[in-house]
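Asker: Have a look at the structure that comes next, please.
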Amino acid sequence: MRSDNTDGYLRLSKLHFDLGEADESLNTIRECLKLDPDHKPCFSHYKKVKKLAANVKAMNEFATENQFKECAEKARAALKQETENMNMIHVIKSKLCHCLTKGGDASEAITVCSEALKIYPEDVNVLCDRADAHLNNENYDEALNDFKRAAQLDEHSTRAEEGIKRTQKLEKQSKKRDYYKILGVPRNANKKEISKAYR
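Counting in the working numbering, the sequence shown tops out at residue 324, every number present.
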C-alpha cells in the first residue's frame with residue numbers, strides 16, 4: 126500500500142471493523158488521519174470506531190482480570206453503540222456471554238449465549254460458556270448437549286471433554302440425597318452453620 130493512500134487505509138480499517146476487529150480498525154484509521162487530518166470519511170469512521178474500540182478493549186481487560194460485572198457493563202455499552210455489524214456484535218455478545226456465566230448470572234448468560242450462537246452456531250467457546258451457565262442452573266441435559274456439540278465441532282477441545290465428564294458427575298450426584306439442600310445450607314457451610322440448621 127502506498128504511504129499516501131488514505132482511501133486504502135479507510136477501506137482496510139472498514140474491513141477490520143467488518144470482521145469484528147475494533148482495535149485493528151482504530152489503529153488503521155489513525156494511519157489515514159496521520160496522512161490527512163482533514164479527510165472527512167476517515168474522520169467520520171474514526172469517531173465511530175474510537176468509542177466502540179475503547180469499550181471492547183475495557184471489556185476484554187475486565188474479563189482477563191476476572192472483573193465480570195464490569196466486563197458485562199462494558200459489553201452492554203458496546204452493544205448499544207453497534208447494532209448493524211454482525212461480526213462485531215458476535216464478538217461482543219460472546220464476551221458478554223462469558224462474563225455473565227463466570228459472574229453467576231446464569232439465566233441472562235443462557236439468553237446472551239444463545240443470541241451469539243444464532244450469529245455463529247459453531248463457536249465452541251460460546252457453546253462451552255452456555256453449557257457452564259446451564260450447569261449453574263442445574264440443567265444437566267442442556268449442559269451435556271452443549272458440551273457434546275462443542276466436542277463434535279472441536280475434537281481437541283479439552284474444555285468440552287472435561288465439561289462432559291463434570292456434567293455427568295454432577296448429574297449423578299444430584300440423584301443422591303443432598304443433605305445440604307435438605308438443611309438449606311450451601312455446600313461450603315461450616316460445622317456451626319450445619320448444626321444450627323439441623324436444630
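Cβ atoms here follow ideal geometry from the backbone N, Cα and C, with glycine treated the same way.
(1) Could you give the first and the last residue of the continuous alpha helix (DSSP H) run that contains Lys-301?
(2) Assuming His-361 contacts Ser-150 under a Cβ cut-off of 8 Å, what Cβ separation, rounded to an integer in Å, is found between them?
(3) Check whether the region 150-160 touches the region 132-140, taking contact to mean three or more Cβ pairs, one atom from each stretch, closer than 8 Å.
(4) Which term fits Tyr-171, buried or exposed, when burial requires 16 or more other beta carbons within 10 angstroms of its beta carbon?
(5) Applying the criterion that 16 or more other CB atoms from any shown protein chain within 10 Å of the CB defines a buried residue, is Arg-302 buried or exposed?
(6) Out of curiosity, what's the CA-to-CA distance linking Ala-202 and Gly-228?
(7) Does the separation of the CB atoms of Leu-93 and Glu-207 fall below 7 Å?
(8) Expressed to the nearest angstrom, what Euclidean distance is found between the alpha-carbon atoms of Pro-166 and Leu-144?
(9) Please report how far the alpha carbon of Ile-235 lies from the alpha carbon of Ala-258, in whole angstroms.
(10) Tell me which residue opens and which closes the alpha helix (DSSP H) that Leu-309 is part of.
(11) Enumerated in chain order, which unbroken segments of the alpha helix (DSSP H) with a length of 4 residues or greater are wholly contained in the region 207-239?
(12) Could you give the DSSP three-state label for Ala-241: helix, strand or coil?
(13) Identify whether Arg-136 lies in helix, strand or coil by the three-state DSSP scheme.
(14) Give a yes or no on whether the C-beta atoms belonging to Cys-238 and Cys-224 are separated by under 7 Å.
(15) If you measure between the beta carbons of Leu-252 and Ala-275, is that distance less than 7 Å?
Answerer: So, from the data block:
(1) Going by DSSP, Lys-301 is part of no alpha helix (DSSP H) at all; its letter is neither H nor E.
(2) No information on residue 361 is available, as it lies outside the stretch 126 to 324 that the chain covers here.
(3) A contact between stretches requires three or more CB pairs, one per stretch, nearer than 8 Å, and the region 150-160 meets this requirement with the region 132-140.
(4) Within 10 angstroms of the beta-carbon of Tyr-171 lie 16 or more other beta-carbons, which makes it buried.
(5) Note on Arg-302: under 16 other CB atoms within 10 angstroms of its CB, so exposed under the neighbour-count rule.
(6) Cα-Cα distance, rounded: 17 Å.
(7) Since the first residue shown for the chain is 126 and the last is 324, residue 93 is missing from the structure and cannot be characterised.
(8) Rounded to the nearest angstrom, the gap between the Cα atoms of Pro-166 and Leu-144 is 19 Å.
(9) Ile-235 and Ala-258: Cα-Cα distance of roughly 6 Å.
(10) The sequence as given places Gly at residue 309; Leu does not occur at that position. First-last for Gly-309: undefined, no H or E at that position.
(11) Those alpha helix (DSSP H) runs which fall completely within the region 207-239 and span 4+ residues are 211-228.
(12) Annotated three-state conformation of Ala-241 is helix, per DSSP.
(13) If DSSP states are grouped into helix, strand and coil, Arg-136 belongs with the helices.
(14) No, the pair does not count as a contact, with Cβ atoms beyond the cut-off.
(15) In contact: Leu-252 and Ala-275 (Cβ atoms closer than 7 Å).
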